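What follows is a single structure, written as structure tokens, with notes after it.
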Amino acid sequence: MRTLFSKGRILDPSQEMDVVGSVLVEDGQIINVGGDIEAVDVDEVYDCTGLWIAPGLVDLHTHLREPGEERRETIKTGTQAAAAGGFTTICCMPNTSPPLDTPSLIDFILDRAASPEAGGIFVAPVGALTQGQLGERVADLGSLKKAGIVAVSDEGGPVQDSVVMMRAMETCLQLDLPILVHCEDLSLSRSGSMNDGATAAMLGLKGMPRSAEEIMIMRNCVLALNTGCRIHILRLSTWGAVEMVRQFKFLGAPVTCEVCPQYFTLTEDAVGEFNPNFKTTPPLRTQVDIDLLTQALNDGTVDCIASDHSPYAPFEVDVPFEEAPFGMAGLESAVGVTLTELTQTGILSPLETIRKLSTAPAEILRLEAGTLRPGGTPVAQITLIDSNVEWTYDVNRTFSKGKNSPFHGKELRGKAVLTYCGNEVYRDPHFHNDRYARQ
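Every number in our numbering is 570 more than the matching position in the sequence shown, counting from 1.
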């Protein structure tokens, strides 16, 4: 079976490639990439004129909720949402119920993700850093790695004890496991609902100070510098956090970081109507923070963009703002928001956009993804993106069970229109013309 993706703009940061050309796939594997490929003995052709042909997108920060929280999301619905968003590889966070702290639970995740009813994409499990995610004793990370985890994380329950974190880093250094760190000093942020500042005071809400994030970033970067353990900082939200990461990178600390669409798009002012869809941790900050975060994306200080897909059941969100959970569903809006806010505005070039959404996250966790290089991935992982299509994000037309998105009703420009992971796993239903059809 030979498939040709023809006449598209190939954007592959792993090869520094930005050319108009074609990608040839045979039996689910990429065998040729370039500007001059003949369609010989090809079974199907995708005419990609005017589209981007990119490596399948990679998300380092997805909450699939299963096991234990299937009312919010399942592996089936979450992977389907990821495929619809253009992602061919996602990393699922360990703060499920129970947490992913045993090999049997890792086996469960991998089996469910490989089932025929799932979305057809790769799921890379992230193990719990401590037993039960209680922040007290380091989990059996060696057995978790043998089971198939790609990293460990304290996401959902950040480790407050510095001794525990140091021991965890020493263990992870020996196992060559990176830590995805949720940076939050809970003694400062506990019981808060939004960014600490004048807006919170005006609304009568308890604030979460930026220092709660920055203090923990400082601690974790210092420990990483001293131990040599690789850490990846989840969802930066403040300009101070950016400057700390920049300085520790300069000092040689093995630190990478991400930012999520809500943090380079929305400010604390969005909370003004007490809409729980705008409640997240860390909280939405200020325009100054957005300006510095986008600058850091442009200059490379921020390594990648992640969705922080955090779905909740509708009844959990339909409560007063202070009682609502933290988090936003984001897999199916991430590409559109990124292209609208960063690419169309010139902050990121098309090649750098794909680097932040695909190649860089794959490199951070050393995943077999994020490239169109022949033999670079287990099967061909390709995402077709229409960078010019205008559309409206509608949570009622998404695969995710979580409808808690601040971008509902937002006009966007740019969308993943086809996701290919060894075979076609998603095609945008709104595109029925011959341009997207098999020939």
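Positions of the beta carbon are idealized from the N, C-alpha and C atoms, including for glycine.
If you're wondering where the values come from, they're calculated on a predicted model, not measured in any experiment.
Asked                                                                                                                                     : Found
Under the three-state reduction of DSSP, which class applies to P999: helix, strand or coil?                                              : coil
Once you ignore the five residues that flank E828 on each side, which residues in its own chain have a CB closer than 8 Å to its CB?      : L630, H631, H802, I803, L804, R805, L806, V872, D873, C874, I875, A876, P931
Cα separation between T910 and T797?                                                                                                      : 40 Å
Determine, using beta carbons only, whether G697 and P668 come nearer to each other than 8 Å.                                             : no
Could you have a look at K577 and say whether DSSP puts it in helix, strand or coil?                                                      : strand
Note down the Cα distance separating A840 from I719, rounded to an integer number of angstroms.                                           : 37 Å
Between L699, R641, D582, L954, which lies nearest to N665 when the distance is taken from Cα to Cα?                                      : L699
Any heavy atom of the ligand FMN closer than 7 Å to the beta-carbon of E784?                                                              : As for the ligand FMN, it is missing from this structure, which has no ligand bound.
Give the straight-line distance between the Cα atoms of G578 and Q701, rounded to the nearest whole angstrom.                             : 48 Å
For S592, write down the residues that DSSP places opposite it in a beta bridge.                                                          : G604
Hey, how far is the Cα of S576 from the Cα of G604?                                                                                       : 10 Å
Assuming the contact rule is C-beta atoms closer than 8 Å, G620 and I955 should be a hit. Round their C-beta distance to whole Å, please. : Incorrect: roughly 10 Å between the Cβ atoms, too far for contact.
Here's the rule I'm using: 16 or more other beta-carbon atoms within 10 Å means buried, otherwise exposed. How should Q744 be labelled?   : exposed
Can you check whether the CB of Q599 is closer than 8 Å to the CB of V949?                                                                : yes
Quick check on Q585: does DSSP put it in helix, strand or coil?                                                                           : helix
Which runs of the alpha helix (DSSP H) at least 4 residues long sit entirely within the region 724–790? Give them in chain order.         : 732–745, 756–759, 768–773
Evaluate the contact criterion for the region 893–900 versus the region 581–595: three or more CB pairs, one atom per stretch, below 8 Å. : no
Would A738 pass as an interface residue toward chain D - the criterion being a Cβ-Cβ separation below 8 Å?                                : Going by chain labels, chain D is absent from the structure shown, which holds only one protein chain.
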